Amino acid sequence: MVTFKLRMPTNYSAVGATAVGGIGFGLYQIYQWFRGRALRRHGKPVTATIRRVVRRPLARPPQLRLEVAYRTEPGTRHHAVLNVPDTVYFQYAEGEEIALWYHPRRPEQVEPEARLLDADSDSPLYTGVLLVVVFSYFLHEAVQALR
1 MVTFKLRMPT
11 NYSAVGATAV
21 GGIGFGLYQI
31 YQWFRGRALR
41 RHGKPVTATI
51 RRVVRRPLAR
61 PPQLRLEVAY
71 RTEPGTRHHA
81 VLNVPDTVYF
91 QYAEGEEIAL
101 WYHPRRPEQV
111 EPEARLLDAD
121 SDSPLYTGVL
131 LVVVFSYFLH
141 EAVQALR
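This is the structure:
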């Protein structure tokens, strides 16, 4: 009986490039978690006025793009663009007010209060760490296969 060793063709360069991209996205998720943590620790609450609401139904999940204007404690006026989920729980309309938190040293860094206070329920830290670990393994395997 003749046996054949079947070797699947694999493009290790593509696996390595995908792994590097996955690691980069994982690090970005970890950065987002640190950014939210800094806002929770050092941020200041402010009320912003919604200037414009744009629905983005093709985004998954559907999103709303909110253009808002707010004043920081020193009285400086700022504008920001926020992407928020389009759900039945939160309805936004032009002219309404929304609660935000901004970083005193970087007033352009803002997050909606609802997202900031609920940040641990679907923390990007867990996603980021998982992506970095999994794609690091893929990168390791691709490099080992090239040796």
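Numbering-wise (full-length UniProt numbering), the sequence shown opens with residue 1 and increments by one. Idealized CB from N, CA, C, for every residue including glycine. As the structure is a computational prediction, the values presented were derived from the model and not from experiment.
Annotated as proximal: VAL53 and GLU94, with beta-carbon spacing under 8 Å.
Of the other Cβ atoms in all chains shown, fewer than 16 fall within 10 Å of the Cβ of VAL133; this residue is therefore exposed. Less than 8 Å divides the Cβ of LEU64 from the Cβ of ARG56. One alpha carbon belongs to ASP86, the other to GLU111, and they sit about 16 Å apart.
Taking a cut-off of 8 Å on C-beta distances, the stretch 74 to 81 does not touch the stretch 16 to 28, as fewer than three cross pairs fall below it. Straight through space, the alpha carbons of TYR102 and LEU117 are spaced by roughly 13 Å.
Cβ neighbours of SER136 within its own chain (closer than 7 Å, five residues either side excluded): ILE23.
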